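Colleague: Questions regarding the structure given below will be posed in turn.
Numbering (the numbering used here), first residue to last: 626 to 748.
Pasting the structure below:
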């Protein structure tokens, strides 16, 4: 995931060369990019995605938290270890947007409803 973020940075923010240069605005730009990303964007290996017919298709809402969790943990650790200046709070700047959380909740509710009564029967 960090390599994907690096490829995105080169394409979208070539002026930012190291993690210490990130700001809240950079984080907001990443969150917005994740929201627009399709399968395969900024990926190094796309052959299997292409052969499966997934390349370029929309990602699922469920994949969004992973795209934000990795940089959130990365920047949290960099701040905690005092390797970079604390310019933003990763927990807030890189959180999953409410709209995505709501979509995930609706999708989860639908999958529970379609899974039948066995979902509620104790094992």
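We put the beta carbon where it would ideally sit given N, CA and C, even for glycine.
These numbers come from a predicted model, not from an experiment.
#1: Between the alpha carbons of residue 748 and residue 720, how many angstroms are there, rounded?
#2: Compute the Euclidean distance between the alpha carbons of residue 665 and residue 722, then round it to the nearest angstrom.
#3: Taking 7 Å as the limit between beta carbons, can you name the residues of its chain near residue 709, skipping five residues before and five after?
#4: Got a sec? Which residues, its chain only, sit under 6 Å from residue 739 by beta carbon, not counting five neighbours each side?
#5: Distance, Cα to Cα, residue 658 vs residue 651?
#6: Assuming residue 663 and residue 681 are in contact, meaning their beta carbons sit under 8 Å apart, how far apart are those beta carbons, in whole angstroms?
#7: Would you please state the rounded distance, in angstroms, between the beta carbons of residue 700 and residue 649? I believe it to be under 8 Å.
#8: Answer with buried or exposed for residue 718, where buried requires no fewer than 16 other C-beta atoms within 10 angstroms of its C-beta.
#9: Cα-Cα, which of 661, 638, 640 is closest to residue 689?
#10: Quick one: measure Cβ to Cβ for residue 698 and residue 725, integer angstroms, because I've assumed they're closer than 8 Å.
#11: Identify, in the order they occur along the chain, each residue of the same chain with its Cβ nearer than 7 Å to the Cβ of residue 742, setting aside the five sequence neighbours on each side.
Modeller: A quick look at the data gives this:
#1: Translated into the one-based positions of the chain shown, residue 748 becomes position 123. Translated into the one-based positions of the chain shown, residue 720 becomes position 95. Bear in mind that a pLDDT of 40 at residue 748, under 50, signals an unreliable position, so the number given afterwards is only what the model happens to contain. Spanning the two alpha carbons is a distance of roughly 35 Å.
#2: Working through the chain shown from its first residue, we reach residue 665 at position 40. Working through the chain shown from its first residue, we reach residue 722 at position 97. Straight-line Cα distance between these residues: approximately 22 Å.
#3: In the chain shown, counting from the first residue as 1, residue 709 sits at position 84. So the list reads 644, 645, 703, once near-sequence residues are dropped.
#4: Position 114 of the chain shown, counting from 1, holds the residue named residue 739. With a pLDDT of 47 at residue 739, under the threshold of 50, the predicted position of this residue should be treated as unreliable, though the coordinate-derived value follows. Excluding positions up to five away in sequence, the list is empty.
#5: The residue you call residue 658 lines up with position 33 of the chain shown. The residue you call residue 651 lines up with position 26 of the chain shown. Their Cα atoms are separated by approximately 10 Å.
#6: Within the chain shown, the letter at position 38 stands for residue 663. Within the chain shown, the letter at position 56 stands for residue 681. Here residue 663 really is in contact with residue 681; their C-beta atoms are around 5 Å apart, less than 8 Å.
#7: Reading the chain shown from its first residue, position 75 is the one you call residue 700. Reading the chain shown from its first residue, position 24 is the one you call residue 649. In fact, because the Cβ distance is near 11 Å, the residues do not count as touching under 8 Å.
#8: Translated into positions along the chain shown, residue 718 becomes position 93. When all chains shown are included, residue 718 counts as buried.
#9: Mapped onto the chain shown, residue 689 falls at position 64. Looking at the Cα atoms, 661 is the closest of the given residues.
#10: Counted from its first residue, the chain shown places residue 698 at position 73. Counted from its first residue, the chain shown places residue 725 at position 100. So it is not a contact: roughly 18 Å between Cβ atoms.
#11: The residue labelled residue 742 in the question sits at position 117 within the chain shown. Reliability fails at residue 742, whose pLDDT of 46 lies under 50, so the model's placement of it is uncertain and no value is given.
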